[in-house]
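The next block holds one structure in the form of structure tokens; read it before the comments.
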Amino acid sequence: MRIQRLVSRSFVHFAVIAIAFLWTLPTVGVLVSSFRPENDVKNSGWWNALKHPFEESVWTFKNYADVISANGLGEAFVNTLVVTIPATILPITVAAFAAYAFAWMKFPGRDWLFAMVIGLMVVPLQVALIPILRLYTQTGIAGTFLGLWLAHTGFGLPLAIYLLYNYISQLPGDLIESAKIDGASDFTVFMRIVLPLSTPAIASFAIFQFLWIWNDLLVSLVFLGTNKVLTVKLSELTGSLGNKWHLLTAGAFVSMIVPLAVFFALQRYFVRGLLAGSVKG
Amino acid sequence: MSSQPQTSTGPRSRNTSEIVRMLLVPLALIISILVGRWSLGVMKDADAPRLLVVGVALLVGVFGIWIAYWLCNELLNLIPSETLRERIRPVIFVGPALALLIIYLVYPTVMTAYYSVLDKNSETFVGLENFKFAFTNRTIQIALRNNVYWIVGVTSFSVIGGLIMAVLFDKVRYEAVAKSMIFLPMIISFVGAGVIWRFMYASNPPGVGLLNAFIGNFDFKPVAWLINKSVNNIALIVIMIWLQTGFCLVILSAALKAIPADIIDAARVDGAGELDIFWRIIIPSLKTTILTVVTTVVIAVLKVFDIVFVMTNGNYETEVIANRMFTEFFRNQNYGLSSALTMILVIAVLPVMIINVRNARRQRG
């Protein structure tokens, strides 16, 4: 009995470690290769570098220097920040106001409008590409950051409203009612009470939206023209650099640094957001 | 007694602040309109210095929206009638959200449906011609077939894999670390994942791709994983499984931990084996969660575009609907066919949409 238990326990450990190892392997390969000199990358598999990890000639930063300046990933990095920060803050703001209204204000058609928001959550954003591009060309904001922020805001809103509504509508009603009786306007209640109390929900959604924008290819490809973001630039490089793996791997890592930092710093909120968002697809 | 002076200064200080507000708000309005127009000009101007564009963009994008809401609210407060004010106030709160939803999702859906029955330049009505073409054209038939492969492959492997991992990981003390390693890929862009897996599958230069090196150990010849038609779709689907399993794991693992421990302990005391517990207790308790996870993954897979775009661009019979849609739109400028393909995606998610709306309405009572 004890032996049987021991066998099954060691099987579990083996399986867990093997799965986690296999899952990480592809990323580790890219990370290792991005620090190897061009000739090494070309002539031998990346795992060979780990045989002599303490020899200095095995490692280099040159790939990063090259890819950031010569291949324009540095500029793309800045563009990505300029796209991502406002495109995260805008939908949160707009959604928080709307979620408050859906939860605590009375107006005609409220339930119908909320049903529309839920319905829009699963609409593929592909529907927007042709009509919005035409609209942008007519109004002259095609290719601007503003156009891209607004597009991301529109696409992110249904989920943002839904998540924030779930949280804001659960806040204690007494708190909001008594503030109103004391003469606070909806605006004050929202700014002073609801917003500070909703920080956890806002943080969860913010991480989501941030990662989703940072990683987006399709929307930037269609609406942003010359100011290329990391994903667009990297996808071009996969075509033009072909087999220059030392550069491609470094490029891939440049595009992943910020999401990785966000992930490790804010993992708790990230998981919480995933759980809240999955309640209803 | 003590409240007396307060009530007498109250109205007066309110009056002065009212006057200040009356002057301040229009002034702020004028300033923000001017700043708004100027910054729009800078952002549209291709020759403006980059640093200026970036600075203006960040300031406007981050603070502009808050100033806009505040201004609208203050302007509303200038209306003397309170009933009218409170009638209009919800418009300020939900108005912007609704406007954006209508412009970016409702209007485009209607327009795409309309374009899908027009010709490639959206000029003449062609009826269902685009749809007919879509279902008879060989490339698009392949794309439809591949979408089915993707949905079945990714959903079954990532959900079942996530479930098995959730159960296994639950038994070890380093669960948190192991879980992080599985859902780390979730934060990587599809493009980044594309590079990672192109490198895994690489066959040129020889010896750098891990997968080919691995099968080389067993004396197999290198395979062009992305070109060889018998494996390339699987090679692409594996990437999506790699990305999605973490999501399934996180959700299922949380639901697993919500099962009361005494139920499982009681079963164990009664002599149930681990497999019995898995099939008789865990699976039935997770039924609803599994259903939500499946729906989420199916919708994500249906729209898959980036992976195919970066890896093969739909060549060698790896086309999927979303990539075809993009090619027809961006490269071939065939707006009719492209819109018809989008509508196929919309129709596919329609049942989920209806169920979601119905559930939400029931929940609100």
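Protein chains in written order, with our numbering: chain A, 51 to 331; chain B, 6 to 370.
Virtual Cβ for every residue (Gly too), placed ideally from N, Cα, C.
Around the C-beta of Ala149/A, 16 or more other C-beta atoms lie within 10 Å, and the residue is accordingly described as buried. Between Ile108/B and Gly204/A, the C-beta spacing is below 8 angstroms. Rounded to the nearest whole angstrom, the CA to CA distance from Ile24/B to Gly122/A is 54 angstroms. Taking 8 angstroms as the CB threshold, Ser185/B lines the interface with chain A. Where Tyr217/A is concerned, the enclosing alpha helix (DSSP H) starts and stops at 195-218. Relative to the Cα of Glu125/A, the nearest Cα in the group Val61/B, Val99/B, Leu56/B belongs to Leu56/B.
Interface residue (Cβ-Cβ distance to chain A less than 8 angstroms): Lys49/B is classified as such. Between the region 90-99 of chain A and the region 302-317 of chain B there are fewer than three C-beta pairs closer than 8 angstroms, too few to call the two in contact.
Of all residues in the region 134-150 of chain A, the ones placed with a Cβ closer than 8 angstroms to any Cβ belonging to chain B are Ile135, Pro136, Ala137, Ile139, Leu140, Thr143, Val144, Ala145, Phe147, Ala148, Tyr150, in chain order.
If the five residues before and after Phe136/B are omitted, its C-beta is found closer than 6 angstroms to the C-beta atoms of Ala345, all from its own chain and listed in chain order. Residue Leu173/B holds the alpha-carbon nearest to the alpha-carbon of Ser58/A among Leu173/B, Leu106/B, Glu91/B, Met27/B.
Distances from the CA of Ala302/A to each of Thr281/A, Asp161/A, Pro208/A were compared; the closest alpha carbon is that of Thr281/A.
In this structure Pro95/B is in contact with Phe157/A, their Cβ atoms being roughly 4 angstroms apart against a cut-off of 8 angstroms. For Val91/A, the nearest beta carbon of chain B is closer than 8 angstroms to its own beta carbon.
Met330/B sits buried, since 16 or more C-beta atoms from the chains shown fall within 10 Å of its C-beta.
Secondary structure of Phe130/B (DSSP, three-state): strand. Within the same chain, Leu123 come within 8 angstroms of Thr129/B by CB-CB distance, once the 5 residues on both sides are set aside. The straight-line gap separating the alpha-carbon atoms of Leu241/B and Val321/A is approximately 26 angstroms. In the three-state reduction of the DSSP assignment, Leu123/B falls in the strand class. Here Leu189/B has Gly251 as same chain residues with Cβ atoms under 8 angstroms from its own Cβ, once five neighbours each way along the sequence are excluded.
By the rule that beta-carbons nearer than 8 angstroms mark a contact, Ala70/A touches chain B. The criterion of a C-beta distance shorter than 8 angstroms is satisfied by Leu100/A and Val82/A. Residue range 280-290 is occupied by the alpha helix (DSSP H) that includes Glu286/A. Gln176/A has a beta carbon lying within less than 8 angstroms of a beta carbon in chain B. The alpha-carbon separation between Leu216/B and Val315/B amounts to approximately 19 angstroms. Taking a contact as a CB-CB distance under 8 angstroms, the pair Leu247/A and Leu221/A counts as one, their CB atoms being some 6 angstroms apart. Residues Ile242 of the same chain have their beta carbon placed closer than 6 angstroms to that of Gly158/B, with the five preceding and five following residues left out of the count.
By a beta-carbon distance limit of 8 angstroms, Lys49/B does not contact Gly292/A. Their separation comes to about 36 angstroms. For Val306/B, none of the residues of chain A pass the 8 angstroms Cβ criterion, the least Cβ distance being about 12 angstroms. Non-local C-beta neighbours of Ile201/B in its own chain, meaning closer than 8 angstroms and more than five positions away in sequence, comprise Ile193, ordered along the chain. Proximity of chain B to Gln317/A at the Cβ level (cut-off 8 angstroms) is accounted for by Ser185, in chain order. Between Cys253/B and Gly341/B, the C-beta gap is not smaller than 8 angstroms, which leaves the two residues out of contact. Cα atoms of Tyr212/A and Leu133/B: separation of roughly 35 angstroms, rounded to the nearest angstrom. Take Phe104/A, set aside five residues on each side of it, and no residue of its chain has a beta-carbon closer than 8 angstroms to its own.
Pro246/A is outside the set of residues whose beta carbon lies under 8 angstroms from a beta carbon in chain B. For secondary structure counted as the alpha helix (DSSP H) over 4 or more consecutive residues, the region 140-197 of chain A holds these complete runs in sequence order: 160-170, 176-189.
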